[in-house]
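Colleague: Before anything else, here's the structure in question.
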Amino acid sequence: MSRSRFRRVPASTTRRPATRARAGTTRAAAAATLAAIGALAAVPAVASAEQVTITSFDGTKLDADFLPAEGLKAGEKAPTVVMTHGFLFTRESTESGLLGLLGQVPAGAFRKAGYNTVTYDSRGFGRSGGEIELDSPDFEGRDASAVVSYVATRPEARLDGPGDPRVGMSGASYGGGVQWAAASRDRRIDALTPSLSWTSLVQAIGRDRRLKLGWWLPLVGGGELSGLAFGAIAPQGPELGALPPELIRLSAQAVLTGKAGPEFTEYIRARSTGEAIAKVEAPALIIQGTPDTVIGLDQSIEMRRLLRQAGTPTKVLWFCGGHGLCLTGTGGEDVVRPRVLAWMDRWLKGDAKAQVGPAFEWVADDGKLRSAADLPLKPAGEITAQGSGKLTITPLGTASGLVVAATRALNAVEAPIPAQTGTRDVVGVPTLRLRYSGTSTDVQSHLFAQIVDETRGVVVGNQVTPIPVVLDGREHTVERPLEGVAMRVTPGSRYRLQVSDGSNVYGLTTGVGAVDLKDVRIALPVGDAAGTTADPTFVNGVAGTTAAAPAATTRPRRPGTKRIRLKTLRATGVVLRGDAAKARRVRVSLVVSATTAKRLKLGSRTIATKRTTGKRAWSVRLRPTAKVATTLRRRASVTATVRVSAGTSRTAKVVVRR
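Each residue of the sequence shown is one higher than the one before, counting from 3 in the numbering used here.
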């Protein structure tokens, strides 16, 4: 599908000598300061890199390195991979294997595989200017577009059209989140491999108003130091933006209370890509860590849902790594790197033989890699457990766990999970339900739920979930999803649920009191990997498929994957044009999301549909009913997906009849 309607961002570049000047004393002092908090590893830049300054949409200067693919001869062109770094780090970290545990593939591996690379310091970090905006689509997303525009000016870069390079993005954590921020607004981006990324930054930083202080406090402090220390020696002059003062103020308030207030939550929410991920058309390999205590597995499940809604080819990989401690087996860089490179080969080079594997692979808590045709797995029942008991609440509850990983709690109400007669895969999000009453000096309080693997002596995935409770002496009921898990449950497995009064992952327990947990219930989702069906949009990417891949010089095209804004629809409808050379009949439909259909009370997700003769070029006018058209005109932000049963729908040929 054509993606000619991308947002163009002005970008200017200044090239500098190949060897970066070093301010030895200043940089050593800065590095020593950051090392003291264990937040930053400074890795030397590649000496042969061509160093440039890219000017973003608002004048912010981005410090970047360009390197052509290894062995690229004069006059030859190659696809390009754009990379930035994790929070606290600089672009030098993308050149090393330092962040392999985060799912970061080093830039050198891409160059060896035949890709140009551009690595850059995100705004506010390293030697780039501006303030840190937490991967906001309106800031860091547009910065990435400026980098893409720069790539289009390189003689080594393969182009799909004027100003439109063949480009993919790769990176972990902060370098993963920026990919959604960019691709949700820039259609020039052709492939994504985000590791440890998010839909909701609010959910990543905390849950139900409870902050993950073990992570957030050093991130804020380290981010400020990183931006100031390296910004002081920026080649274009001192860049001392770092974190915005407003974020520092809101973070200080949250740290003092241990809870995220409405102002803090809204600030973070406004910088999340959120449901705009459903606008992403670039094929995406989503990489998430099972023991990651910052960004849970549930976020990758939500990403998959949004991309399915968009009709975007997607693969999900859960590995044992990330922001946390892998305690149950291997599954780090040796799992991630070959899949990332294969994904780029498939979607950037158009290599039909690239072995990207099935659409969902995961490393369970036994350390073994398994696969299925899609995520989520086909439901195959639940494993349930029930318990009750009384629990005291004191600040000593904070002693449970490490700041970045949950451990078994000494003070907890427990519910043994029944042993199973067969082997079952629990892959997804468990649900907890509490019926309780209690009192505390902190009436609006939290309890903490986790699943303990008694056989291995660890908490599953290091994951603990805060459960909001009201301790006013009256009886209440609360139901919450827990953090996602990947468990291989066998007849020999022994698990139990714990509900405790605190966790070091979330900081200090401030209240003192007691709670009577009258009924504690957990439901673990069981999946049928073998019975899970594949998403048709992914069929060209499955290993061993005989379906044809796009030619190396053309952009991947996917039938029925076009989105239009609905505020323009009138009773006369919208005219769509496309092609389907071999199909006898073509069905064209306008489909809204299930959420939109429910919110607008439409009765059906399909708001208009029509069949037409499958000539090489077809044209069809779709008309919603007058009632539906009136409803949609009032919703300026609503979009619909054009679904075509065969062939393609051409964006450039959409004609709206007013």
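All C-beta atoms, glycine included, are put in the ideal place defined by N, C-alpha and C.
The model shown is predicted, which means the values in this text are computed figures rather than measured ones.
In the DSSP assignment, the beta strand (DSSP E) including Val-522 goes from what residue to what residue?
Modeller: Translated into positions along the sequence shown, residue 522 becomes position 520. Looking at the DSSP string, the run of the beta strand (DSSP E) that includes Val-522 is 515-530.
Colleague: Taking 8 Å as the cut-off, does the segment 140-156 touch the segment 174-184 (at least 3 CB pairs, one atom from each stretch)?
Modeller: Segments in contact, yes.
Colleague: Do Ser-138 and Ala-71 come within 8 Å of each other at the CB atom, strictly closer than that value?
Modeller: Taking the first residue of the sequence shown as position 1, residue 71 is located at position 69. Taking the first residue of the sequence shown as position 1, residue 138 is located at position 136. Against a cut-off of 8 Å, the Cβ pair of Ser-138 and Ala-71 comes out as no contact.
Colleague: Could you please give me the residues that DSSP links to Tyr-122 through a beta bridge?
Modeller: As a position in the sequence shown, residue 122 is number 120, starting the count at 1. Note: Tyr-122 sits in a beta bridge opposite Ala-66.
Colleague: How about Arg-190 and Val-150: do their beta carbons lie closer than 8 Å?
Modeller: Along the sequence shown, one-based indexing puts residue 190 at 188. Along the sequence shown, one-based indexing puts residue 150 at 148. Yes, these two residues count as a Cβ contact at 8 Å.
Colleague: Helix or strand or just coil, what does DSSP make of Ala-417?
Modeller: Against the sequence shown, residue 417 aligns to sequence position 415. The answer is strand: DSSP assigns Ala-417 an E or B state.
Colleague: Determine the burial state of Thr-62: buried for a count of at least 16 other Cβ atoms within 10 Å of its Cβ, exposed for fewer.
Modeller: For this step, residue 62 is matched to residue 60 along the sequence shown. Classification for Thr-62: buried.
Colleague: Quick one: residues in its chain with C-beta nearer than 6 Å to the C-beta of Gln-290, no 5 flanking neighbours on either side, listed in chain order?
Modeller: For the purposes of this step, residue 290 is taken as the residue at position 288 of the sequence shown. For Gln-290, where only same-chain residues beyond five positions count, the Cβ hits under 6 Å are Leu-299, Ser-302, Trp-320.
Colleague: What's the C-alpha gap between Ala-109 and Ala-284?
Modeller: Start at 1 with the first residue of the sequence shown, and residue 109 comes out as number 107. Start at 1 with the first residue of the sequence shown, and residue 284 comes out as number 282. Between Ala-109 and Ala-284, the C-alpha separation is close to 20 Å.
Colleague: What's the gap between the Cα of Arg-645 and the Cα of Ser-606?
Modeller: Stepping through the sequence shown from its first residue, residue 645 is reached at position 643. Stepping through the sequence shown from its first residue, residue 606 is reached at position 604. Roughly 15 Å separates the two Cα atoms.
Colleague: Provide the residue span of the alpha helix (DSSP H) that contains Thr-203, from first to last.
Modeller: Position 201 of the sequence shown, counted from the first residue, corresponds to residue 203. Strictly speaking, residue 203 in this sequence is Leu, with Thr absent from that position. Leu-203 -> alpha helix (DSSP H) spans 203-207.
Colleague: Using the beta-carbon count (16 or more within 10 Å), is Gly-323 buried or exposed?
Modeller: The residue you call residue 323 lines up with position 321 of the sequence shown. So Gly-323 ends up on the buried side.
Colleague: Could you tell me the alpha carbon to alpha carbon distance between Gly-73 and Thr-119, rounded to whole angstroms?
Modeller: For the purposes of this step, residue 73 is taken as the residue at position 71 of the sequence shown. For the purposes of this step, residue 119 is taken as the residue at position 117 of the sequence shown. Going from the Cα of Gly-73 to the Cα of Thr-119 covers about 13 Å.
Colleague: Can you name the start and end residues of the alpha helix (DSSP H) that Ala-387 belongs to?
Modeller: If you number the sequence shown from 1, residue 387 lands on position 385. Per DSSP, Ala-387 belongs to no alpha helix (DSSP H); it is in the beta strand (DSSP E), 380-395.
Colleague: CB Arg-623 to CB Val-577, shorter than 8 Å?
Modeller: Here residue 623 corresponds to residue number 621 of the sequence shown, with the count starting at 1. Here residue 577 corresponds to residue number 575 of the sequence shown, with the count starting at 1. Cβ distance < 8 Å, so Arg-623 and Val-577 count as in contact.
Colleague: Assuming Lys-317 contacts Val-358 (C-beta within less than 8 Å), just tell me the rounded distance between them.
Modeller: For the purposes of this step, residue 317 is identified with residue 315 of the sequence shown, where counting begins at 1. For the purposes of this step, residue 358 is identified with residue 356 of the sequence shown, where counting begins at 1. With a Cβ gap of about 6 Å, Lys-317 and Val-358 count as contacting.
Colleague: Please classify Ala-160: does DSSP put it in a helix, a strand, or coil?
Modeller: The residue you call residue 160 lines up with position 158 of the sequence shown. A small correction: the amino acid at residue 160 is Arg; Ala does not occupy that position in the sequence shown. Coil at Arg-160, not helix or strand.
Colleague: Using 10 angstroms around the beta-carbon of Gln-452, count the other beta-carbons present and answer buried if the total reaches 16, otherwise exposed.
Modeller: Numbered from 1 along the sequence shown, position 450 holds the residue referred to as residue 452. Classification of Gln-452: buried, given that the 10 Å Cβ count is 16 or more.
Colleague: Could you tell me the boundaries of the beta strand (DSSP E) in which Ala-254 lies?
Modeller: Here residue 254 corresponds to residue number 252 of the sequence shown, with the count starting at 1. Taken as a continuous stretch (DSSP letters only), Ala-254 belongs to no beta strand (DSSP E), being part of the alpha helix (DSSP H) at 247-259.
Colleague: Is the segment 373-391 in contact with the segment 419-435, if contact means three or more CB pairs nearer than 8 Å?
Modeller: Taking 8 Å as the limit for Cβ pairs, the verdict is that the segment 419-435 does touch the segment 373-391.
Colleague: For a quick check, are the C-beta atoms of Val-487 and Tyr-438 less than 8 Å apart?
Modeller: In the sequence shown, the residue the question calls residue 487 occupies position 485. In the sequence shown, the residue the question calls residue 438 occupies position 436. Not closer than 8 Å, so no.
Colleague: With a threshold of 7 Å on Cβ separation, who are the neighbours of Arg-476 within its own chain once the five nearest residues in sequence on each side are excluded?
Modeller: As a first step, residue 476 is located in the sequence shown; it is residue number 474 there, counting from the start. These residues qualify, in order along the chain: Ser-439.
Colleague: Between which two residues does the beta strand (DSSP E) holding Phe-362 run?
Modeller: Taking the first residue of the sequence shown as 1, we reach residue 362 at position 360. Here the beta strand (DSSP E) through Phe-362 covers 362-365.
Colleague: Express the C-alpha separation of Gln-422 and Ile-1 in angstroms, rounding to a whole number.
Modeller: Outside the displayed range of the chain (3 to 660) lies residue 1, so it cannot be described from this structure.
Colleague: How close, in whole Å, do the beta carbons of Val-514 and Ser-442 come, if the pair is a contact with beta carbons under 8 Å?
Modeller: The count along the sequence shown starts at 1 and reaches residue 514 at position 512. The count along the sequence shown starts at 1 and reaches residue 442 at position 440. Correct: roughly 7 Å between the Cβ atoms.
Colleague: Under DSSP, the alpha helix (DSSP H) around Ile-270 begins and ends at which residues?
Modeller: As a position in the sequence shown, residue 270 is number 268, starting the count at 1. Note, Ile-270: alpha helix (DSSP H), 264-271.
Colleague: Am I right that Ala-344 and Ala-356 are in contact with their C-beta atoms under 8 Å? What's the rounded C-beta distance?
Modeller: Reading the sequence shown from its first residue, position 342 is the one you call residue 344. Reading the sequence shown from its first residue, position 354 is the one you call residue 356. Contact flag correct, Cβ pair sits at about 5 Å.
Colleague: Three or more beta-carbon pairs under 8 Å between the segment 488-502 and the segment 518-537, yes or no?
Modeller: The segment 488-502 is in contact with the segment 518-537.
Colleague: Between the beta-carbon of Thr-195 and the beta-carbon of Val-342, is there less than 8 Å?
Modeller: What you label residue 195 is simply residue 193 of the sequence shown in a count that begins at 1. What you label residue 342 is simply residue 340 of the sequence shown in a count that begins at 1. A contact, by the Cβ cut-off of 8 Å.
Colleague: Could you name the residues of the same chain whose beta carbon sits closer than 7 Å to that of Val-630, not counting the 5 residues immediately before and after it, in chain order?
Modeller: Taking the sequence shown and counting its residues from 1, one reaches residue 630 at position 628. Closer than 7 Å at Cβ, skipping near neighbours: Leu-604, Ile-609.
Colleague: Which residues in the same chain have their Cβ closer than 6 Å to the Cβ of Thr-96, if we skip the five residues on either side of it in sequence?
Modeller: By 1-based counting over the sequence shown, the position of residue 96 is 94. The residues are Met-85, His-87, Ala-109, Thr-121.
Colleague: Just to check my reading of the structure: Leu-198 and Asp-123 have Cβ atoms closer than 8 Å, yes? What is that Cβ distance to the nearest angstrom?
Modeller: By 1-based counting over the sequence shown, the position of residue 198 is 196. By 1-based counting over the sequence shown, the position of residue 123 is 121. In fact, because the Cβ distance is near 19 Å, the residues do not count as touching under 8 Å.
Colleague: Keeping to the same chain, check which residues put their C-beta closer than 6 Å to that of Ser-202; ignore five residues upstream and five downstream.
Modeller: Working through the sequence shown from its first residue, we reach residue 202 at position 200. These residues qualify, in order along the chain: Ser-274.
Colleague: Tell me, please, which residues DSSP counts as bridged to Ile-297.
Modeller: What you label residue 297 is simply residue 295 of the sequence shown in a count that begins at 1. Its beta-bridge partners do not exist; DSSP assigns none.
Colleague: Please tell me whether Val-415 and Gly-383 are closer than 8 Å, where the distance is taken between their beta carbons.
Modeller: Counting from 1 along the sequence shown, the entry for residue 415 is found at position 413. Counting from 1 along the sequence shown, the entry for residue 383 is found at position 381. The answer is no: Cβ separation not under 8 Å.
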